[in-house]
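Residue numbers (the numbering used here): 163 to 316.
Down below is the structure, laid out as structure tokens.
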Amino acid sequence: MKSLITYNREVRDEWFEVLNNLSTEELSKERKSGVGSILRTLFHIIDTEYSWFRAMYNKNDIQIYFEEFNDLQSIKELSNQYRKEISVFLRQWTPSDENEVVKPSWMTETYKKGEILRHIIAHEIHHIGQLSVWSRESEIEPVSSNFIGRNIKT
């Protein structure tokens, strides 16, 4: 699963580069699906990933607000900042973590860590697919979603 997290990170970084070519107006434009705009979608991906990782390590969720990170550069910086902490979590991951039960601070239900990790991966892939559709609407070539050929080390 770590290879899929690495894949998501690579693809996200490639999107940050591609989206640099779009105006703030285009990045902020409200879309018909998803969480609204391209910027809000990127923010949502990062916020969700971080919240779930904190839950898996019994840390309280930290509320962040889009209004404080409402341009591409600040969202990219937020991604890089959180990535450092998430990398520590990932290095500590062991197969025995898979079935450990977690109760996120914002929910009443409990989940297994392995289930949460797979959700984080699928969640980002889903929203990256939305970015691909929206980029075509803006006449921008989408980032390749291929896992094959990336030579990702596990």
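Ideal Cβ placement from N, Cα and C applies to all residues, glycine included.
In this text, all values refer to a predicted model and were calculated from it rather than measured experimentally.
For Ile226, the CB contacts under 7 Å within the same chain, skipping 5 residues up- and downstream, are Asp209 in chain order. Judged by DSSP secondary structure, Phe251 falls within the alpha helix (DSSP H) whose first and last residues are 234-254. In this structure, Gly196 keeps its C-beta atom at 8 Å or more from the C-beta atom of Thr186.
With respect to the 8 Å criterion, His289 and Trp214 are not classified as neighbours on the basis of their beta carbons.
Nearest to Arg171 by C-alpha distance, out of Thr256, Tyr219, Leu252, is Leu252. Taking the CA atoms as reference points, Tyr169 sits about 10 Å from Asp175.
Following the DSSP letters along the chain, one finds Ser199 in no alpha helix (DSSP H), marked with neither H nor E.
Looking at the DSSP output, Val264 shares a beta bridge with Tyr273.
When the Cα atoms are used, Tyr273 and Gln243 turn out to be separated by approximately 26 Å. Nearest in C-alpha terms to Leu166, of all of Val305, Ser300, Glu286, Glu239, is Glu286.
Judged by pairs of C-beta atoms under 8 Å, the region 227-243 does not touch the region 251-266, as fewer than three such pairs exist. Rounded to whole angstroms, the gap between the alpha carbons of Glu179 and Val173 is 10 Å.
If the five residues before and after Glu188 are omitted, its C-beta is found closer than 6 Å to the C-beta atoms of Ser300, all from its own chain and listed in chain order.
Of the residues assessed, Ile248 falls on the buried side of the cut-off, its CB having 16 or more other CB atoms within 10 angstroms. Straight-line measurement puts the Cα of Glu262 at about 32 Å from the Cα of Gln292. Secondary structure at Asp223: coil, using DSSP grouped into helix, strand and coil.
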